[in-house]
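> Sharing a structure with you now.
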Amino acid sequence: MVKARLIIDPSNPPRLSDETRARLDAMTPEEIEQNALDDPDNPPSTEEELDRGVAGRRVRLLRQSLNLSQPQFAERYRINLGRLRDIEQGRTMPDSAFLAYITVIEQEREAVDRALAS
């Protein structure tokens, strides 16, 4: 099966119909929340999923701030590429040692580079 990929142009976002807009405007916040909970295609995230997402975002933002691809970041900091991808995509929660290493890279990047160069 081939998956289709939809790319939305940020300068031309999809528009809601007048009918859909009126229906949403008439809903209370509680009704909106209940409809979201009832949607089988979009179950609410667990706390663990949210934590994995936050950790993954932190790692991705650090990597992007260095203008490195995932393979480049993994090689430079000697991190398993598959593990890096799993963490960035929120599939796995990094352990405390990984998070500590990320903190050191964030705070003392040059020291890490010197240590890994020797």
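Residue numbering for the sequence shown is 2 to 119, as defined by my numbering. The beta carbon of each residue, even a glycine, is placed where N, CA and C say it ideally should be. The structure presented is a predicted model; accordingly, all values stated were derived computationally and were not measured.
Please report the straight-line C-alpha distance between leucine 69 and arginine 16, rounded to a whole angstrom.
Approximately 35 Å, taken between the alpha carbons.
> Could you say which of Asn13, Arg59, Glu32 lies nearest to isoleucine 88 if we only look at CA atoms?
Cα-wise, what sits closest to isoleucine 88 is Arg59.
> I'd like to check one pair, arginine 86 with glutamine 65: are the Cβ atoms closer than 9 Å?
Against a cut-off of 9 Å, the Cβ pair of arginine 86 and glutamine 65 comes out as no contact.
> How about methionine 94 and aspartate 40: do their beta carbons lie closer than 9 Å?
Not closer than 9 Å, so no.
> Does DSSP put glutamine 73 in a helix, in a strand, or in coil?
Correct three-state label for glutamine 73: helix.
> In the DSSP assignment, find the unbroken alpha helix (DSSP H) run with leucine 7 in it and report its ends.
Unbroken run through leucine 7: none, as it is neither H nor E.
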